[in-house]
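Comments concern the structure below.
There are 2 protein chains.
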Amino acid sequence: MGGGGEIRRVCVVGAGAIGSLFAGHLGCIVETSVLTRREEHARALVREGLRVSGKSELHARLAASTDPAELPEPDLIIIATKTLDVEASAQRLHGHFPGAMVLTVQNGLGCEEVVHRQGDWPILSGVTFMSGTRHGDTHVEYELDTPTWLGPWAGGSASYEDAAGVAELINRSGLKAEAYPDLLPHQWSKLIFNSAVNSIAAVTDLPHVKAFARRESLSDLGHLVYAMMEEARAIAAARGVELADDPWEMNVRAVGQGSTGGDQYAHVPSMLDDVRHRRRTEIDWITGAIVREAMKAGLPAPYHETLYRLVKAKEEGWELGGG
Amino acid sequence: MGGGGEIRRVCVVGAGAIGSLFAGHLGCIVETSVLTRREEHARALVREGLRVSGKSELHARLAASTDPAELPEPDLIIIATKTLDVEASAQRLHGHFPGAMVLTVQNGLGCEEVVHRQGDWPILSGVTFMSGTRHGDTHVEYELDTPTWLGPWAGGSASYEDAAGVAELINRSGLKAEAYPDLLPHQWSKLIFNSAVNSIAAVTDLPHVKAFARRESLSDLGHLVYAMMEEARAIAAARGVELADDPWEMNVRAVGQGSTGGDQYAHVPSMLDDVRHRRRTEIDWITGAIVREAMKAGLPAPYHETLYRLVKAKEEGWELGGG
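Going line by line, the protein sequences match chains B and E.
Under my numbering, think of the first position of the first sequence as 1, with each following residue one higher.
Under my numbering, think of the first position of the second sequence as 1, with each following residue one higher.
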């Protein structure tokens, strides 16, 4: 592969908020298609296009289908589903688009490997910090215009130049992206932040509020957030990864946003949203991934094991019909 | 003090399920009064007496008031409120009944000390395993006829003979009691069991089901229950307490009850019931007590600290109006 100039066709897999943001922006500068799960979603996108409001005001014309065979051969596939759907998405892509490069933008660790098992595509790892809200199948609001970080996945054949080309394309479309030769320090920083904030929010039913950064009295929640992050930092170090950003500082910055007092900033982390709607969470790819990395490193992980098991037990309770 | 034969008058403080079971049974063999929180509760008890159904079928005539000055001078005070109300109850007793002995039957650790600060009564520590359901102010159903364990509190002047006398009285009334020279091994066994089962149920919204004893795959909850119990066992040992019963075995026995498969046995621990009704929990006296004991012993307690902070954070969420 080479630079971003060669990417003339993109296929976005999954049109939730993140997938829609990619498709809506990229669709204005290159030929873009969307592989959807639902037939009526594909039909609506073909009929109406995709509108982006908020931080961008755009309207993109797109190809869309539930069948990859009906879509034009892309140079780049962006898999933007939730982690839980990556395996099914990759299976649908099996045997298709052999000339394309794949970018994964899921939370957690391990999605690249799942994609790799279904095809010999060069793979870029991505971590996105942007956010939006779907207002329907053909309208997404662009909210947080924070960047997507990407880099070549170490287990595959993509190069830094591939990552830089894709980052250039994403930036040109009006979104933000940064390419790194080694994404792991960035991926782990976000992973560690997400693992603590999401799992704790999921079991306490508490949005990401100031309590997550408070470490005064014995019972304060910030002690737990800090301890989880330190535990994960040691695991990252043992796996050869030095963090790009300090997860504790990310936590303190986030809960300090837009609030001079009280808890007006009260972001509902995705895992808490999943729990509130009794949807299966991404815990296996986030906190569970850190537990597995600790085992590989031969390190103890009492905090991560605890939160991992608590969230899994909570999910099990729904299956029992409890609660 | 001497044997149980000298106890002619009992005052029960708090008439929830446990207090009502004591008052209903003891009221049939000795002069018994109830110190209630609500006026109408006292009036109903005086007017209608207290009915016990289920494992016992009894009807007791009782004195009752919200003011200790209106009650006859007792030889024995049984404080049967929840831990959260012990301090207020003891303050109401301050200056009254100087000739009485006090029996506390709360969960957790530390209630005896709270009572001791309000008066120079000899104090017996109690741990009760019986359970019942209040069907109103004047009717309680006796369900689990398991015993109450009691012994002299080490910080006060009660003797083993005092405990034996009270146990004899309780047994004569139709309830079950066992006296021990040193209650701590029994108190800690129940404390450790309660700390793990209650706090985990409270954050997972999972009743006490078989999952609490399962230790097969990495995510199984039994690993966490076991780790918490082992952590607490080490803290007990460092505090000079050898457990009377193995909390893990108590857990395995409890979830194995009355079920050959599935999860028909699904006891809702009191802390989960509190959480479901958004009532403040007893976490400070149970899991929090173990965290404080660990600090005194200079031992780490990552599992107990974690569950302690998670339940406290959950309570804080209600105050924020979240969830």
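Even glycine gets a Cβ: it sits at the ideal position worked out from N, Cα and C.
Return the first residue and the last residue of the beta strand (DSSP E) that V311/B is part of. Walking along the first sequence from the start, residue 311/B turns up at place 311. It is not in any beta strand (DSSP E) - V311/B instead sits in the alpha helix (DSSP H) that spans P302 to E319.
Distance CB(L35/B)-CB(P72/B) smaller than 8 angstroms: As a first step, residue 35/B must be located in the first sequence, where it is residue number 35. As a first step, residue 72/B must be located in the first sequence, where it is residue number 72. For L35/B and P72/B, no; Cβs fall outside 8 angstroms.
Three-state secondary structure (DSSP) of L224/B: As a working mapping, residue 224/B is identified with position 224 in the first sequence. The answer is helix: DSSP assigns L224/B an H, G or I state.
For a test of the three-state rule: what should DSSP assign to I290/B, helix, strand or coil? Residue 290/B sits at position 290 when you count from the first residue of the first sequence. In the structure shown, I290/B sits in a helix (DSSP, three-state: H, G or I).
Residues of chain B with CB closer than 8 angstroms to the CB of T83/E, please, in chain order. The residue labelled residue 83/E in the question sits at position 83 within the second sequence. Result: empty, since nearest Cβ-Cβ is about 16 angstroms, beyond 8 angstroms.
With DSSP collapsed to three states, give me the class of H267/E. The sequence position of residue 267/E within the second sequence is 267, counting from 1. Here H267/E sits in strand by DSSP.
Members of the region 207-225 of chain B near chain E, C-beta cut-off 8 angstroms: P207, V209, A211, L218, S219, D220, L221, H223 and L224
Does any residue of chain B have a CB that is nearer than 8 angstroms to the CB of V203/E? Translated into the one-based positions of the second sequence, residue 203/E becomes position 203. It does: the Cβ of V203/E has a partner Cβ on chain B nearer than 8 angstroms.
Residues of its chain near V46/B, where Cβ-Cβ distance is below 6 angstroms and the 5 sequence neighbours each way are ignored: Position 46 of the first sequence, counted from the first residue, corresponds to residue 46/B. If we look at V46/B and ignore the five residues flanking it on each side, its Cβ neighbours are A64.
Distance between beta carbons of W285/E and L109/E, contact taken as under 8 angstroms: Position 109 of the second sequence holds residue 109/E. Position 285 of the second sequence holds residue 285/E. Correct: roughly 7 angstroms between the Cβ atoms.
Alpha carbon to alpha carbon, how far is E316/E from A213/B? Within the second sequence, the letter at position 316 stands for residue 316/E. Within the first sequence, the letter at position 213 stands for residue 213/B. Rounded to the nearest angstrom, the two C-alpha atoms are 14 angstroms apart.
In chain order, what residues of the same chain have a beta carbon less than 7 angstroms from the beta carbon of M229/E, not counting five sequence neighbours either side? On the second sequence, position 229 is the one that residue 229/E refers to. Hits under 7 angstroms: I192, A196, P247 and W248.
Going along chain B in order, which residues have a C-beta closer than 8 angstroms to the C-beta of V291/E? Numbered from 1 along the second sequence, position 291 holds the residue referred to as residue 291/E. Within 8 angstroms Cβ-Cβ: L218.
Name the one or two DSSP bridge partners that G126/E has. Position 126 of the second sequence, counted from the start, is the residue given in the question as residue 126/E. The partner list for G126/E (beta bridge, DSSP) reads L150/E.
Give a yes or no on whether the C-beta atoms belonging to N171/B and S270/B are separated by under 8 angstroms. By one-based count along the first sequence, residue 171/B stands at place 171. By one-based count along the first sequence, residue 270/B stands at place 270. No, the Cβ-Cβ distance between N171/B and S270/B is not below 8 angstroms.
Chain E partners of P247/B, CB-CB under 8 angstroms? Translated into the one-based positions of the first sequence, residue 247/B becomes position 247. Those within 8 angstroms of P247/B in chain E number zero; the least Cβ separation is about 17 angstroms.
Answer yes or no: does any C-beta atom of chain E fall closer than 8 angstroms to that of P152/B? Locating residue 152/B in the first sequence gives position 152, counting from the first residue. Judged by the 8 angstroms Cβ criterion, P152/B is not in contact with chain E.
Taking the runs of the beta strand (DSSP E) that are 3 residues or longer, which of them lie wholly in the region 173-240 of chain E? 177-179
Taking C-alpha atoms, which residue in L124/B, E143/B, A301/B and G174/B lies nearest to T332/B? What is shown of chain B runs 1 to 323, which leaves residue 332/B out entirely.
Contact the region 305-314 of chain E vs the region 217-227 of chain B: 3+ CB pairs below 8 angstroms: yes
At least one CB of chain B closer than 8 angstroms to the CB of Y308/E: is that the case? Within the second sequence, numbered from 1, the residue matching residue 308/E stands at position 308. Yes, Y308/E lies at the interface with chain B (some Cβ there is under 8 angstroms from its Cβ).
Buried or exposed by the 16-neighbour rule on C-beta atoms within 10 Å, applied to P98/E: Here residue 98/E is taken as the residue at index 98 of the second sequence, counted from 1. P98/E is exposed by the Cβ-count criterion.
If P152/B sits next to D137/B, beta carbons under 8 angstroms apart, how far is it from one beta carbon to the other, in whole angstroms? For the purposes of this step, residue 152/B is taken as residue 152 along the first sequence, with counting starting at 1. For the purposes of this step, residue 137/B is taken as residue 137 along the first sequence, with counting starting at 1. The Cβ separation is near 33 angstroms, so there is no contact.
So which of I77/E, I18/E and E87/E has the shortest CA-CA distance to V30/E? Here residue 30/E is taken as the residue at index 30 of the second sequence, counted from 1. Here the closest residue by C-alpha is I77/E.
Per-residue burial, S157/B [other beta carbons within 10 Å of its own, 16 or more giving buried]: Translated into positions along the first sequence, residue 157/B becomes position 157. When all chains shown are included, S157/B counts as exposed.
Tell me the rounded alpha-carbon separation between H277/E and L320/E. Taking the first residue of the second sequence as 1, we reach residue 277/E at position 277. Taking the first residue of the second sequence as 1, we reach residue 320/E at position 320. Taking the straight line from one Cα to the other gives about 16 angstroms.
Beta-ladder partner(s) of A64/E, from DSSP: Here residue 64/E is taken as the residue at index 64 of the second sequence, counted from 1. A64/E is bridged to V34/E.
Are G27/E and L50/E touching if we call contact CB-CB under 8 angstroms? Taking the first residue of the second sequence as 1, we reach residue 27/E at position 27. Taking the first residue of the second sequence as 1, we reach residue 50/E at position 50. Yes, these two residues count as a Cβ contact at 8 angstroms.
Give me the chain E residues within the contact set of G288/B, using Cβ-Cβ distance strictly less than 9 angstroms, ordered along the chain. The sequence position of residue 288/B within the first sequence is 288, counting from 1. Those within 9 angstroms of G288/B in chain E are L218 and S219.
Residue-level contact to chain B via CB, K314/E, 8 angstroms cutoff: Residue numbering aside, residue 314/E sits at position 314 when the second sequence is read from its first letter. At least one chain B Cβ lies under 8 angstroms of K314/E.
Can you tell me the Cβ-Cβ gap for D75/B and E6/B, rounded? I've got them flagged as a contact below 8 angstroms. Here residue 75/B is taken as the residue at index 75 of the first sequence, counted from 1. Here residue 6/B is taken as the residue at index 6 of the first sequence, counted from 1. With a Cβ gap of about 6 angstroms, D75/B and E6/B count as contacting.
R9/E to V166/E span [Cα, whole Å]: Position 9 of the second sequence, counting from 1, holds the residue named residue 9/E. Position 166 of the second sequence, counting from 1, holds the residue named residue 166/E. One C-alpha to the other measures close to 12 angstroms.
Figure out for me which residue from A301/B, D274/B, A244/B and V275/B has the closest Cα to the Cα of T287/B. Against the first sequence, residue 287/B aligns to sequence position 287. Of A301/B, D274/B, A244/B and V275/B, the residue nearest in Cα terms is A301/B.
L58/B and H94/B - do their beta-carbons sit closer together than 8 angstroms? Walking along the first sequence from the start, residue 94/B turns up at place 94. Walking along the first sequence from the start, residue 58/B turns up at place 58. Cβ distance not < 8 angstroms, so H94/B and L58/B don't count as in contact.
List the whole-angstrom C-beta distance separating V105/B from G126/B, where the pair is believed to meet the contact cut-off of C-beta under 8 angstroms. As a first step, residue 105/B is located in the first sequence; it is residue number 105 there, counting from the start. As a first step, residue 126/B is located in the first sequence; it is residue number 126 there, counting from the start. Rounded, the Cβ-Cβ distance is 4 angstroms, consistent with contact.
Does T146/E pass the burial test, meaning 16 or more other C-beta atoms within 10 Å, or should it be called exposed? Your numbering for residue 146/E matches position 146 in the second sequence. When all chains shown are included, T146/E counts as exposed.
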